[in-house]
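According to the working numbering, the sequence shown is numbered sequentially starting from 6. Glycine residues also receive a C-beta, built at the ideal position from the N, C-alpha and C atoms. Read the structure below first, then the notes.
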Amino acid sequence: MGMELWEIQQEEVMSAYYEEMYENELKERAIEEFTAERLSSYYFQHPNILQSSFSILKESKLVAEYSASASLLLSCSSIEVSIKAGILKPIIYGLVHSEMAAEIIAETAIKQTGLDRFRELLAKLVNDIASLDIQSFKRNGSTKILWKERQEIQVIRNKIIHKAERCDLPKANFSISVADSVLNELIPNILSALNLEINPQCIIVKR
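Okay, structure coming up:
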């Protein structure tokens with residue numbers, strides 16, 4: 006058995022384990038036990054979690070004029086990593102009491118390709134902590150819900166990767182704008198409710 010197949014099977018096993026735990030335990034405990042302090046503690050311990058997302062977004066902007074498709078792939082990656090590492094993973098850590106179990110479950114969760122399965126959980130807990138509804142949040146200058154814009158970009162991204170289709174500059178710029186909003190509007194709003202902010206070095210610090 007090749008290593009790649011073994012890794013896929015292991016990931017499937019962990020995914021199934023997470024799904025079962027999420028359905029039977031985390032979902033029921035989330036509202037009762039999740040607190041701002043637990044979320045804040047994760048950000049204190051991992052202040053650099055957004056640096057890579059900012060970095061790859063900067064690269065996306067630099068290459069947009071030369072390759073719109075490459076730019077969109079980079080900004081789409083920034084969006085996904087920002088939400089998974091900047092919101093989803095900290096929340097899962099806050100839900101699981103065992104640090105070792107939290108690491109395993111959080112890593113498994115963020116490896117999953119789809120974010121939509123976690124939307125209800127994220128929406129409820131973010132709303133409780135920051136009074137912000139990510140299911141209706143819109144970036145400045147847009148009439149569309151940011152989460153739906155993320156889904157649109159994911160479709161374009163999949164066409165580029167799986168069908169070798171190309172995208173144009175307006176689509177690349179659209180993706181950049183959404184990534185900008187995630188990093189500079191959505192996540193800062195959540196952090197602000199915890200008396201945290203992102204400094205010029207892209208590190209999470211106390212306000």
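Looking at C-alpha atoms only, which residue of the options is the closest neighbour of residue i?
{"i": "Gly91", "options": "Gln159, Phe49, Lys164", "result": "Phe49"}
{"i": "Phe142", "options": "Ile96, Ile181, Asn194, Asp173", "result": "Asn194"}
{"i": "Ala169", "options": "Gln206, Ile161, Ser46", "result": "Ile161"}
{"i": "Ser186", "options": "Ile139, Glu70, Ile166", "result": "Ile139"}
{"i": "Arg43", "options": "Gly99, Gln56, Ser60, Val68", "result": "Gly99"}
By Cβ distance, which residues of its chain are closer than 6 Å to residue i, with the 5 residues on each side in sequence left out?
{"i": "Phe179", "result": "none"}
{"i": "Ile96", "result": "Leu130"}
Would you tell me roughly how many angstroms separate the C-alpha atoms of residue i and residue j, rounded to the nearest one?
{"i": "Leu201", "j": "Asn132", "result": "17 Å"}
{"i": "Glu190", "j": "Leu79", "result": "19 Å"}
{"i": "Lys94", "j": "Ala198", "result": "18 Å"}
{"i": "Leu196", "j": "Ala41", "result": "10 Å"}
{"i": "Glu125", "j": "Pro175", "result": "31 Å"}
{"i": "Ser136", "j": "Glu64", "result": "32 Å"}
{"i": "Ile209", "j": "Pro52", "result": "5 Å"}
{"i": "Ala75", "j": "Val68", "result": "7 Å"}
{"i": "Ile158", "j": "Ile134", "result": "28 Å"}
{"i": "Pro205", "j": "Leu127", "result": "27 Å"}
Which word fits residue i, buried or exposed, when buried means at least 16 other C-beta atoms lie within 10 angstroms of its C-beta?
{"i": "Val183", "result": "buried"}
{"i": "Lys89", "result": "buried"}
{"i": "Ser147", "result": "exposed"}
Residues in its own chain within less than 7 Å of residue i by CB, not counting five upstream and five downstream?
{"i": "Arg155", "result": "Ile84, Val183"}
{"i": "Lys211", "result": "Asn200, Leu201"}
{"i": "Cys207", "result": "Leu55, Gln56, Phe59"}
{"i": "Cys172", "result": "Ala73, Ser74, Leu77, Ile161, Ile165"}
So residue i and residue j are in contact, right, with Cβ under 8 Å, and what is the actual spacing, rounded?
{"i": "Ile165", "j": "Leu62", "result": "That pair is no contact at about 17 Å."}
{"i": "Leu188", "j": "Ser46", "result": "Not confirmed; about 22 Å, so no contact."}
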